[in-house]
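Add 12 to a position in the sequence shown, counting from 1, and you land on the number used in the numbering used here.
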Amino acid sequence: MLESYLTGLVVCGGIIVAIGAQNAYVLGVAVRREHHWWSAGLCMSTDVLLLAAGMFGVSALLLSMPSAMEVLRWLGVVFLAWLAAQAFHRAVCGRQGLAGGASGGRSRRAVLLATLAVTLLNPQVYLDTLLLIPAIGAQQQSTATFVAGAISASILWFSLLAWGGAALSPWLSRPLAWRAIDAAIGMMMAAIAVQLAFGASLTA
């Protein structure tokens, strides 16, 4: 059982780290202290629901609906491009840095809606949580323990992003630092959007 848990922890951890758009967004709101624990908690909860759904056979339904995946793919491209454009605009125009412990200007609802969009409009999330991870979990000695390990990886990773980003915010009070962060986030979002738009077909 321990082996199944560790396998779930390592496999899911590696996959979550690779989902760049979601990570960049959560880190960004954490650095700005814009309801970052709510954002991280929503990512954790979504992972739990998707992993559980994958183990209960939603993956088969998803494979039978390739057109739905294609729609999600292009919605994701548009949303990521919009986030990239916003980040580049902030990088060029600049903005005031936040003092340590300050709250972000956006409402909790706005942050949560954007977090949900970044998470659910990325088809790779469904391929990973509903197909890849359950396929590996089905081969383990204890499926339940494997899922527990996968969920633990999500909780640990997003907790680290929320805590680490907030911990760095006192050192990021200068506008120049914010411009660098926004430029980096913009490039990451744009690169993921391009990869999603022109990469290999997700349903192949």
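Ideal placement from N, C-alpha and C gives every residue a C-beta, glycine not left out. Bear in mind that the values here come from a model prediction, so they are computed numbers and not experimental data.
Collapsing the DSSP output to three states places R45 in coil. In this structure the region 52-63 lies against the region 164-173, because at least three pairs of beta carbons, one per stretch, are closer than 8 Å. Around the CB of M201, 16 or more other CB atoms lie within 10 Å, so the residue is classed as buried. Here G40 really is in contact with I197; their C-beta atoms are around 6 Å apart, less than 8 Å. Only exposed fits V22, as fewer than 16 other CB atoms lie within 10 angstroms of its CB.
Between M67 and V137, the gap from beta carbon to beta carbon reaches 8 Å or more.
Taking C-beta separations shorter than 7 Å and ignoring five residues to either side along the sequence, the partners of Q152 in its chain run S16, T19 and F158, following chain order. Here A93 is not near A203, since their CB atoms are 8 Å or more apart.
Shown here for H47: same chain residues with a beta carbon closer than 6 Å to its own, the five before and five after excluded, namely R120 and V123 in chain order.
For A189, the three-state secondary structure derived from DSSP is helix. Assignment of Q152 by DSSP, reduced to helix, strand and coil, places it in the coil class. If you draw a straight line from the Cα of R118 to the Cα of L139, it is about 31 Å long. Counting the other Cβ atoms within 10 Å of the Cβ of W86 gives fewer than 16, which makes it exposed. The Cβ atoms of V89 and L173 do not sit closer than 8 Å to each other. In this structure, A126 lies away from L63, with their beta-carbon atoms at least 8 Å apart. By the neighbour-count criterion, in which 16 or more other beta carbons inside 10 Å mark a residue as buried, A192 falls on the exposed side. Residues of the same chain with a CB within less than 6 Å of the CB of A96, apart from the 5 flanking positions on each side, are G198, M201 and A202 in chain order. Taking the CA atoms as reference points, L132 sits about 24 Å from A178.
Contact annotation: S171 and A52 have beta-carbon atoms nearer than 8 Å.
Rounded to the nearest whole angstrom, the CA to CA distance from L188 to A99 is 14 Å. According to the DSSP assignment, P135 belongs to the alpha helix (DSSP H) that extends over P135 to Y138.
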